[in-house]
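Chains as they are written, first to last, in UniProt numbering: chain A, 1 to 330; chain B, 1 to 290; chain C, 1 to 258. Note that the Cβ used here is the ideal one computed from N, Cα and C, for glycine as well.
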């Protein structure tokens with residue numbers, strides 16, 4: 001142990017030294033305070049916008065868990081996001097307006113949906129995995145578009161405002177706080193997964209799956225597990241989305257949403273957890289705000305951003321594809 | 001019984017179109033591992049070309065003009081996509097690139113044609129019906145089936161028999177080796193990419209009188225093509241054909257019997273095939289051995 | 001002593017080329033068994049076939065008396081058969097500690113836990129650091145593997161495979177690329193390993209081979225040329241001709257080693 005004491009400053013095996021951790025904590029606290037204080041200073045529209053960003057960020061976290069941590073690029077998470085949103089809306093319409101119950105139901109629905117469909121995809125790798133997740137996502141999207149029980153292409157409207165633990169939320173700001181609290185909880189949970197032994201296993205699969213097998217691992221099992229987890233996370237994101245919009249339409253789980261979620265991870269830097277959240281906010285900002293300036297065609301701008309990102313940030317993308325990224329930091 | 005006959009014929013027509021659309025997707029993937037997510041958008045370009053040139057009904061001349069225009073537009077788009085993806089170093093970058101192009105093209109089409117649903121009449125001399133076993137069936141769809149048969153034979157001749165086909169098949173199997181033999185694989189790749197895109201765009205014109213044109217159709221078609229390729233096996237002509245015929249039937253049956261759950265049936269078919277044969281029914285290694 | 005590893009007529013062909021040709025081999029518990037042979041003798045293919053990376057064309061692999069020929073690589077690893085690679089195969093995007101901990105946490109059955117951060121699994125962390133220390137890499141525990149030198153990666157490979165608590169380790173040219181000091185550390189480490197652990201080692205450095213091995217098998221053109229104690233192998237003329245170089249220079253010209 002003497003050798004260890006002299007040369008390594010962190011004998012307990014922390015991933016980072018204390019100094020950057022402290023700086024990170026300061027930044028995290030500052031961001032947290034700003035996020036909590038936002039409804040006190042901002043108007044109704046920016047607050048509802050931020051609520052949507054937070055819900056979308058939860059979806060992006062689920063994409064990051066697969067793409068960044070495990071190295072499985074996916075275009076299918078919007079499906080579980082949608083399953084969660086529809087579940088929450090149905091619970092809201094028929095059962096209870098309690099936001100916690102809705103979120104829990106959405107989590108379970110996302111988990112079950114991912115487990116039921118994921119086994120098709122997790123046996124494949126890389127681009128074939130991407131292709132299969134897209135097929136899964138589009139199948140669910142089009143099912144939502146035609147299934148009359150969930151409103152078909154008209155979507156599902158008439159969801160009452162959510163309440164939290166029996167108390168109605170009197171203003172948009174309170175919905176925001178609820179969404180922020182749940183999103184923060186999910187963020188903490190995903191961060192925990194990324195730093196846990198399981199997260200280490202997932203990074204091992206990302207970096208060198210053959211070596212994992214040689215060490216006695218069953219990578220397919222771990223991949224399926226993280227796929228289900230990511231489905232649950234996306235489901236919660238959907239519930240948060242529904243809590244704000246109180247309306248769910250097939251468009252909420254379409255190709256574009258899936259593409260934007262992946263774009264957010266790429267822009268934010270896959271493997272990091274806060275980066276993609278930032279990317280999510282940015283992407284939604286571009287789509288919803290900027291589209292007003294280009295005649296409602298925000299997707300046009302985002303398409304161009306996509307192309308630009310590939311050519312201007314090739315290193316980030318290369319890291320994504322070849323899995324040589326830095327340690328996961330949350 | 002009669003409804004089943006109609007459904008089978010509809011499935012064959014759908015299968016013909018799907019073969020035309022999925023072929024390019026499959027070969028491009030097989031040869032360079034590029035997942036062209038803009039393939040549905042290319043199809044939609046063809047569909048809107050048909051709207052522009054045939055929207056008010058038109059004769060055979062206008063129809064041929066639409067097919068040629070769509071083929072040219074598709075080839076140009078395919079060539080551009082090939083050039084862009086060749087500039088990007090990694091497979092995931094390439095997929096993202098085509099994703100961006102897909103968003104841009106689809107949005108531009110919405111800007112140009114609005115978000116209305118366009119339906120198209122069949123071209124004039126073949127817009128009637130014909131009686132088969134007591135059922136009236138559109139002549140146009142029979143012609144689409146015939147087109148599929150001709151296309152399948154032509155592609156089979158070209159890819160599985162001819163010298164160009166040997167290069168394509170070899171490139172699917174091992175591109176580096178073909179390049180080492182002194183073949184300009186770059187030109188072959190761009191050519192296949194452009195030809196595949198042209199076929200998809202022509203598919204858009206041919207499908208016009210059946211599926212029409214509207215925003216979002218690109219996604220539906222991309223999904224169908226993806227499922228065809230996955231079911232049939234990546235990079236294989238025979239696989240694409242088998243997958244297209246199979247998925248055409250599944251889709252037609254689904255739409256006829258369970259319209260609400262048609263896409264679920266599609267997914268179930270894909271899952272069932274992958275469960276038994278993870279690499280698809282006729283993957284390239286076995287499928288292209290002529 | 002019982003046979004930990006037994007190969008019966010193990011064969012691996014690539015088309016018409018038979019890289020491993022009806023190899024029969026017995027490795028007993030606690031043995032230090034060296035596998036030598038000129039380049040192209042089929043050592044690496046034999047390793048891969050025994051480990052399960054490659055499927056055997058015919059023949060059987062018995063691990064502790066049980067036929068594992070049909071088992072995949074990961075199942076053989078879970079039964080205690082571990083290998084290293086000739087070219088380091090590591091997790092480049094992870095820290096040095098993570099690499100070893102990946103092996104340790106699988107053995108300790110916590111690899112799929114996510115209820116606490118990894119650093120709170122003290123037993124895993126301690127075991128991983130122990131193994132890092134034994135190869136002299138404890139000081140680099142928190143660096144990324146991509147920052148390690150070639151020799152350090154070889155050492156890490158050794159630590160990782162030992163952290164998986166194998167009953168049988170197969171080292172594929174472990175000292176290739178190590179400095180003299182690193183090689184010395186490796187040999188000392190191996191000499192200090194408990195005799196409950198069985199070691200098969202492919203090695204070009206004959207000093208290392210004859211220092212460590214209590215049995216040597218010579219592979220030539222895919223089949224076993226000779227197998228026995230080191231002294232017997234040293235004296236074997238066929239081996240000298242095939243591998244160690246002809247004993248007398250005139251044999252190089254007459255070709256009459258036998």
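Rounded straight-line distance, which links the Cα of residue j to that of residue i
i	j	result
residue 27 (chain C)	residue 84 (chain C)	18 Å
residue 135 (chain C)	residue 206 (chain A)	26 Å
residue 144 (chain B)	residue 89 (chain C)	54 Å
residue 24 (chain C)	residue 240 (chain B)	47 Å
residue 310 (chain A)	residue 102 (chain B)	14 Å
residue 24 (chain B)	residue 197 (chain B)	6 Å
residue 345 (chain A)	residue 90 (chain A)	The structure shown has nothing for residue 345 (chain A), since chain A only spans 1 to 330.
residue 134 (chain A)	residue 230 (chain B)	12 Å
residue 151 (chain A)	residue 143 (chain A)	11 Å
residue 13 (chain A)	residue 97 (chain C)	Reliability of the predicted coordinates at residue 13 (chain A) is poor, the pLDDT of 38 falling under 50, and no value is obtained from them.
residue 146 (chain B)	residue 6 (chain B)	16 Å
residue 2 (chain C)	residue 31 (chain C)	10 Å
residue 35 (chain C)	residue 18 (chain C)	18 Å
residue 110 (chain A)	residue 229 (chain A)	9 Å
residue 242 (chain B)	residue 255 (chain B)	20 Å
residue 240 (chain C)	residue 183 (chain C)	25 Å
residue 125 (chain C)	residue 34 (chain A)	37 Å
residue 132 (chain A)	residue 238 (chain A)	21 Å
residue 298 (chain A)	residue 306 (chain A)	12 Å
residue 4 (chain C)	residue 165 (chain C)	15 Å
residue 245 (chain B)	residue 204 (chain B)	18 Å
residue 16 (chain C)	residue 57 (chain C)	12 Å
residue 274 (chain B)	residue 120 (chain A)	7 Å
residue 77 (chain A)	residue 59 (chain A)	7 Å
residue 271 (chain B)	residue 250 (chain B)	13 Å
residue 193 (chain B)	residue 137 (chain A)	25 Å
Under 8 Å from the C-beta of residue i: neighbouring residues of chain A
i	result
residue 103 (chain B)	256, 259, 299, 300, 302, 303, 306
residue 186 (chain C)	The premise fails here: residue 186 (chain C) is roughly 17 Å from chain A at the closest Cβ pair, so nothing lies under 8 Å.
residue 78 (chain C)	216
Residue i, enclosing beta strand (DSSP E) - first and last residue
i	result
residue 223 (chain C)	223-228
residue 132 (chain B)	129-132
residue 205 (chain C)	First-last for residue 205 (chain C): undefined, no H or E at that position.
residue 6 (chain C)	3-14
residue 171 (chain C)	168-172
residue 26 (chain C)	17-28
Neighbouring residues, chain A, relative to residue i (Cβ below 9 Å)
i	result
residue 261 (chain B)	143, 146, 147
residue 90 (chain C)	207, 208, 211
residue 121 (chain C)	196, 197
Bounding residues of the alpha helix (DSSP H) (the contiguous stretch that carries residue i)
i	result
residue 158 (chain B)	139-160
residue 34 (chain C)	It is not in any alpha helix (DSSP H) - residue 34 (chain C) instead sits in the beta strand (DSSP E) that spans 32-36.
residue 87 (chain A)	77-94
residue 48 (chain C)	43-51
residue 125 (chain A)	From DSSP, residue 125 (chain A) is part of no alpha helix (DSSP H); its letter is neither H nor E.
residue 215 (chain C)	Premise fails: residue 215 (chain C) lies in the beta strand (DSSP E), 215-220, not in any alpha helix (DSSP H).
residue 39 (chain B)	39-54
Partners in chain A for residue i, counting only beta-carbon separations shorter than 7 Å
i	result
residue 112 (chain C)	198, 201, 222, 225
residue 278 (chain B)	123
residue 155 (chain C)	Within chain A, no residue comes near residue 155 (chain C); the closest Cβ sits about 14 Å away, beyond 7 Å.
Cross-chain neighbours of residue i in chain C, by beta carbon under 7 Å
i	result
residue 195 (chain A)	117, 118
residue 218 (chain A)	74
Closer than 9 Å at the beta carbon, the chain C residues around residue i
i	result
residue 192 (chain A)	114, 115, 116, 117
**Asked** Which ranges would you report for the beta strand (DSSP E) in the stretch 60-99 of chain C if only whole runs of at least 3 residues count?
**Response** 81-83
**Asked** Is it a yes or a no for the stretch 99-114 of chain A touching the stretch 247-262 of chain A, going by three-plus beta-carbon pairs under 8 Å?
**Response** no
**Item:** Complete runs of the alpha helix (DSSP H) confined to the stretch 209-250 of chain B [at least 4 residues]
**Value:** 217-232
**Request:** Would you mind listing the alpha helix (DSSP H) stretches within the stretch 278-308 of chain A that are 4+ residues and don't spill past its ends, in chain order?
**Result:** none
**Item:** Touching by the beta-carbon criterion (3+ pairs, under 8 Å), the stretch 215-231 of chain A and the stretch 166-185 of chain A
**Value:** no
**Prompt:** Three or more C-beta pairs closer than 8 Å, one from the stretch 137-146 of chain C and one from the stretch 96-116 of chain C: is that the case here?
**Reply:** yes
**Prompt:** For the 8 Å Cβ check, are there 3 or more pairs between the stretch 61-69 of chain A and the stretch 216-230 of chain A?
**Reply:** yes
**contact_flag[the stretch 28-41 of chain B, the stretch 263-278 of chain B] where n(CB pairs < 8 Å) is 3 or more** = no
**Request:** Specify whether the stretch 48-55 of chain C and the stretch 206-220 of chain C touch according to this definition: at least 3 beta carbon pairs, one from each stretch, less than 8 Å apart.
**Result:** no
**Prompt:** Looking at C-beta atoms only, is the number of pairs between the stretch 126-144 of chain B and the stretch 78-90 of chain B that lie closer than 8 Å three or more?
**Reply:** no
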